[in-house]
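Presented below is the structure to which this report refers.
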């Protein structure tokens, strides 16, 4: 096993195993294979790691049980001068750094990297707040991550005062100053998210007895108008154009086409497509299940022929043979589910731009807005639109009444004409 799975020449094997890192390379090779890397890619990684092996051999040729992070950093500083004749130098250095970062990732997992970054210390106050949000407010996982980021940033700003005892001395002025400074560098959505996070956290602190007075009103109110903007989505013609430009002869193309078909056919959120699992497609019943987001309800919908065919094409001809339950995976090793909904939105935005169009709204929502607009224009009831989109309140769906231009034409008054007397 190990290196013999990738190399056959005895001379190459002796060279790789003869250096200070030689006894670690078999395990590294097996780890890369388990992650789905091709043999060609593994050869490249090992060739790049051999430069670190040579560097360590010049200092001390004895085998290394562990590797010190300071030695890796020293190599990165010294290596550019040793490979000055490589052309192009910048690309070569980038590839070497990438391979050695993979190697240090493996060493860290095997507890063979000395001086690695310590895991981030947990903030007890933050963890207590998140547990309250989860257990008593029934917050969804996505909401908890947003709260972790927002409140964590606020606690870092407070510094030593970020304790149960220190919060008793927290002033409204300090809360206001933090939010104003944060809002200066962020967009509307980020400001609203932080506003909500701070207010719920301050309410929690009052409830838990960390504060004697209410401070959530110290967070400035952002003036916003819910219906101030018309949702911008893709029209049916534009959506079909995006679908047509995808090259389905490639693995990436097959995956992206299936994603786009789901968004176009059902108007679901990008996170719902990313979370879609193999068991959620019920082939025998011609049904597909989309899991709830934002505390909504699971939605069971008919499996259309177009979506079914695109999923089959991806699953049979493009999806890596991995044990993950999620349908959509990365197309390059190491294979794993798409890391976050913004990764899926990036895929959608790239495909829209390839079709020669500007992205009308954030990523996957371009299809969602377009889907809702088409349903309203076709005369479906708002209750039906809300059920398909997973809206908990009809007020959210009423947003799309603003784009029903055909209905608006029916109530438009004719321009008065001058009458001759």
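Numbering (my numbering), first residue to last: 1 to 421.
For every residue, glycine included, the Cβ atom is placed at its ideal position computed from N, Cα and C.
No experiment lies behind these values; they were computed from the predicted model shown.
query: Does DSSP put residue 44 in a helix, a strand or coil?
result: Counting from 1 along the chain shown, the entry for residue 44 is found at position 44. Note: residue 44 maps to helix in three-state DSSP.
message: Restricting to Cα atoms, I'd like to know which of 165, 130 and 159 is closest to residue 148.
response: Along the chain shown, read from residue 1 onward, the residue named residue 148 stands at position 148. It is 130 whose Cα lies nearest to the Cα of residue 148.
task: Just the C-alpha distance for residue 23 and residue 48, rounded to the nearest angstrom, thanks.
output: Indexing the chain shown from 1 puts residue 23 at position 23. Indexing the chain shown from 1 puts residue 48 at position 48. Rounded to whole angstroms, residue 23 to residue 48 spans 16 Å at the Cα level.
message: Tell me the rounded alpha-carbon separation between residue 264 and residue 239.
response: Residue 264 sits at position 264 when you count from the first residue of the chain shown. Residue 239 sits at position 239 when you count from the first residue of the chain shown. In this model, residue 264 and residue 239 are separated by some 7 Å (Cα to Cα).
- prompt: What does residue 326 pair with, by DSSP beta-bridge criteria?
  reply: Numbered from 1 along the chain shown, position 326 holds the residue referred to as residue 326. Here residue 326 is bridged, per DSSP, to 277.
query: How close, in whole Å, do the beta carbons of residue 274 and residue 338 come, if the pair is a contact with beta carbons under 8 Å?
result: On the chain shown, residue 274 is found 274 positions in, with the first residue counted as 1. On the chain shown, residue 338 is found 338 positions in, with the first residue counted as 1. Going by Cβ atoms, the distance from residue 274 to residue 338 rounds to 5 Å, so yes, they are a contact pair.
task: Could you check what DSSP says for residue 68 in three-state terms: helix, strand or coil?
output: Taking the first residue of the chain shown as 1, we reach residue 68 at position 68. Residue state, collapsed to three classes: strand.
query: Is the beta carbon of residue 389 less than 9 Å from the beta carbon of residue 374?
result: By 1-based counting over the chain shown, the position of residue 389 is 389. By 1-based counting over the chain shown, the position of residue 374 is 374. No, they are not a contact pair.
task: Could you tell me the distance, in whole angstroms, from the CA atom of residue 315 to the CA atom of residue 353?
output: The residue given as residue 315 occupies position 315 in the chain shown. The residue given as residue 353 occupies position 353 in the chain shown. When rounded, the distance between both Cα atoms is 26 Å.
task: Please classify residue 215: does DSSP put it in a helix, a strand, or coil?
output: For the purposes of this step, residue 215 is identified with residue 215 of the chain shown, where counting begins at 1. DSSP places residue 215 in coil when its eight states are reduced to three.
Nearest-angstrom Cα separation, counted from residue 168 out to residue 221: By 1-based counting over the chain shown, the position of residue 221 is 221. By 1-based counting over the chain shown, the position of residue 168 is 168. One C-alpha to the other measures close to 23 Å.
- request: Taking residue 302 as part of the beta strand (DSSP E), name the residues at either end of that continuous run.
  value: Here residue 302 is taken as the residue at index 302 of the chain shown, counted from 1. Counting along the chain, residue 302 sits inside the beta strand (DSSP E) bounded by residues 299-302.
query: What does DSSP give as the partner residues of residue 73 in its beta bridges?
result: Here residue 73 refers to the residue found at position 73 of the chain shown. Answer is none; residue 73 lacks a bridge partner.
message: One question on the structure: do residue 57 and residue 27 come within less than 9 Å of each other, judged by their Cβ atoms?
response: Looking up residue 57 in the chain shown gives position 57. Looking up residue 27 in the chain shown gives position 27. Using a Cβ distance threshold of 9 Å, residue 57 and residue 27 do not count as a contacting pair.
- request: State whether the region 28-36 contacts the region 62-81, with contact taken as three or more CB pairs (one from each stretch) at a distance under 8 Å.
  value: Judged by Cβ distances under 8 Å, the region 28-36 makes no contact with the region 62-81, as fewer than three pairs qualify.
message: Per the DSSP calculation, residue 185 is bridged to which residue(s)?
response: If you number the chain shown from 1, residue 185 lands on position 185. Answer is none; residue 185 lacks a bridge partner.
task: Pull up the distance between the alpha-carbon of residue 5 and that of residue 25, whole angstroms please.
output: Translated into the one-based positions of the chain shown, residue 5 becomes position 5. Translated into the one-based positions of the chain shown, residue 25 becomes position 25. Straight-line Cα distance between these residues: approximately 12 Å.
- prompt: How about residue 183 and residue 191: do their beta carbons lie closer than 9 Å?
  reply: Taking the chain shown and counting its residues from 1, one reaches residue 183 at position 183. Taking the chain shown and counting its residues from 1, one reaches residue 191 at position 191. Going by beta carbons, residue 183 and residue 191 fall inside the 9 Å limit.
query: Under the three-state reduction of DSSP, which class applies to residue 127: helix, strand or coil?
result: Taking the first residue of the chain shown as 1, we reach residue 127 at position 127. DSSP places residue 127 in helix when its eight states are reduced to three.
- prompt: Rounded to a whole number of angstroms, what is the C-alpha to C-alpha distance between residue 364 and residue 248?
  reply: Mapped onto the chain shown, residue 364 falls at position 364. Mapped onto the chain shown, residue 248 falls at position 248. Residue 364 and residue 248 have their C-alpha atoms roughly 20 Å apart.
query: Rounded C-beta distance between residue 326 and residue 276? I'm assuming under 8 Å.
result: Here residue 326 refers to the residue found at position 326 of the chain shown. Here residue 276 refers to the residue found at position 276 of the chain shown. Between residue 276 and residue 326 the Cβ distance is about 7 Å, and since that is below 8 Å, they are a contact.
- prompt: Which residues in the same chain as residue 103 place their Cβ atom closer than 7 Å to its Cβ, once the five residues preceding and following it in sequence are excluded?
  reply: In the chain shown, counting from the first residue as 1, residue 103 sits at position 103. 28 and 49.
- request: Find the nearest neighbour of residue 303 within the set 322, 323 and 261, judged by alpha-carbon distance.
  value: Sequence index remark: in the chain shown, residue 303 carries index 303 (1-based). The shortest C-alpha separation from residue 303 is found at 261.
C-beta contact flag for residue 106 and residue 31 at 9 Å: Sequence index remark: in the chain shown, residue 106 carries index 106 (1-based). Sequence index remark: in the chain shown, residue 31 carries index 31 (1-based). Yes.
query: Buried or exposed: where does residue 117 fall if 16 or more other Cβ atoms within 10 Å of its Cβ makes it buried?
result: Reading the chain shown from its first residue, position 117 is the one you call residue 117. Any reading at residue 117 must be qualified, since the residue scores a pLDDT of 48, below 50, and its modelled position is unreliable; no value is offered.
Burial state of residue 256 (16 or more Cβ within 10 Å): Indexing the chain shown from 1 puts residue 256 at position 256. In this structure residue 256 is buried. Its beta-carbon is surrounded by 16 or more other beta-carbon atoms within 10 angstroms.
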